[in-house]
Structure formats: C-alpha cells, structure tokens
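For reference, the structure is listed below as structure tokens.
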Amino acid sequence: MRIISGNLKGKKILSPKNELTRPLKDLTKESIFNLIKHSKLLDCKLENANVLDLFAGVGSFGLECLSRGAQSVTFFENYKEALIILKKNISIMKQQNFSEVIEKNIFLENTFKYLNKKYDIIFMDPPYKEKKVPDILNKIIKLNLLKENGVIIIHRHKKEKDLFPKEFKIIISKIYGISKIIFGNKLD
1 MRIISGNLKG KKILSPKNEL TRPLKDLTKE SIFNLIKHSK LLDCKLENAN VLDLFAGVGS
61 FGLECLSRGA QSVTFFENYK EALIILKKNI SIMKQQNFSE VIEKNIFLEN TFKYLNKKYD
121 IIFMDPPYKE KKVPDILNKI IKLNLLKENG VIIIHRHKKE KDLFPKEFKI IISKIYGISK
181 IIFGNKLD
C-alpha cells in the first residue's frame with residue numbers, strides 16, 4: 001500500500017501484518033479521488049480542505065488527502081493496533097502539523113464533542129458488517145459537522161443495505177469489486 005499522488009507520492013503506508021483492519025485498496029482509493037476531482041456532481045475541492053477520516057485505520061485515506069493538498073485531517077480511530085501504525089505513518093510522512101488523532105470509540109454518546117470544526121470531506125470506512133452507520137450519519141448531520149457543499153464518502157461492502165437518514169442525500173454510488181462507495185451530503 002502506498003500514497004498514489006501528490007507531494008508524498010510513492011511513499012509506503014505501513015499496514016498491520018494481520019487482517020484485523022481492511023485498508024482501502026489502491027484502485028478503490030484512486031477511483032474516489034478521481035471522482036472528487038472530476039465529477040460535475042460533486043462541488044467540493046480537496047485543496048485546502050479540512051478532512052475527517054472516521055474509522056481511519058492506518059490512515060491511508062487521510063494521508064492521501066494530505067499528499068494531494070488537504071489543509072488538515074482529523075483521524076478518528078479506536079483500535080489500538082491500528083492506532084500504533086497510524087501514528088507511525090503520520091510521523092514517517094512528517095504530517096504531524098496537519099494531523100489530529102482522536103482515540104475514542106465512535107459509538108459512544110458524546111464522542112463527537114472532540115470535533116471543533118466543520119469539514120469539507122468526511123470519509124467513513126467502517127467494518128463491512130457494521131450496522132450503526134446510519135447512527136453516525138445522524139450525529140454528523142445533527143451536529144452540523146459538514147460544511148456547505150461538503151461531501152460524505154462511505155466505503156461499504158457492496159451487499160450492505162444501509163438505511164440512511166432522510167436528511168442524507170446520495171449523489172453518487174459506485175461498485176468496485178466487493179466495495180461500494182457512496183458519495184452524499186445533507187439535504188438543504
């Protein structure tokens with residue numbers, strides 16, 4: 001696994017030796033960034049963006065954002081083994097000044113109180129079988145964490161049937177292998 005583009009292009013991303021986390025595949029990651037950059041359906045820009053990376057794992061998505069010009073990334077991760085590698089990856093790539101790591105369980109009631117800004121891009125890559133994705137979306141919308149014209153990107157298994165809140169508008173949904181990528185935002 002590596003950084004695909006930008007000023008960190010080619011840098012190796014450390015990943016766990018076990019399969020307890022599921023890092024984003026390069027092809028899927030590249031497809032997401034192509035849609036962000038080229039889709040006329042999306043009105044967000046990566047350059048100077050504030051990014052929230054939920055279920056950050058080892059940081060593959062957030063570090064790619066920084067490499068491509070994002071202003072900052074808030075990494076949200078609770079899994080200890082992934083956190084160790086995430087922090088190493090941020091350090092190896094010298095991105096500490098542009099990164100914040102929050103080590104909290106995302107499902108606890110007041111977890112999002114640690115977030116003190118609005119985000120241009122919110123990326124969610126929960127475990128494939130996770131059923132509480134709609135609850136997290138409800139929190140994001142209720143707390144108004146997404147900037148106007150911002151986008152929420154969700155990585156799911158293609159067979160998952162999530163019931164999204166009525167305030168969440170799906171803009172694009174694409175299948176890549178066993179992955180489904182959903183781009184959406186909040187209804188006005």
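Residue numbers (our numbering): 1 to 188.
Ideal placement from N, C-alpha and C gives every residue a C-beta, glycine not left out.
query: Kindly list the residues whose CB is nearer than 7 Å to the CB of I198, restricted to its own chain and excluding five residues on each side of it in sequence; keep chain order.; result: Limits of the chain in this structure are 1 at one end and 188 at the other, which puts residue 198 out of reach.
query: Just checking, does the region 44–52 make contact with the region 105–122 on the three C-beta pairs under 8 Å criterion?; result: yes
query: Assuming contact is defined by CB atoms lying nearer than 9 Å, are K87 and V73 in contact in what I supplied?; result: no
query: Can you tell me which residues form a DSSP beta bridge with L102?; result: The question names Leu, but residue 102 in the sequence shown is Ile. F76.
query: Rounded to the nearest angstrom, what separates I140 and L146 at their Cα positions?; result: 7 Å
query: Starting from the N-terminal side, write out each stretch of the beta strand (DSSP E) that is 3 residues or longer and does not extend beyond the region 131–180.; result: 146–157 and 168–176
query: Please confirm if E167 has its CB atom under 9 Å from at least one CB of chain B.; result: Among the protein chains of the structure shown there is no chain B, as only one such chain exists.
query: Let's test the definition: count the other Cβ atoms within 10 Å of the Cβ of S173 and tell me whether it reaches 16, buried, or not, exposed.; result: exposed
query: Name, in chain order, the residues that DSSP records as bridge partners for A184.; result: According to the sequence shown, residue 184 is Gly rather than Ala. The partner list for G184 (beta bridge, DSSP) reads I152 and I170.
query: Compare the C-alpha of K226 against each of A56, I32 and F55 and name the closest.; result: With the chain covering only 1 through 188, there is no way to say anything about residue 226.
query: Between the alpha carbons of L108 and K9, how many angstroms are there, rounded?; result: 36 Å
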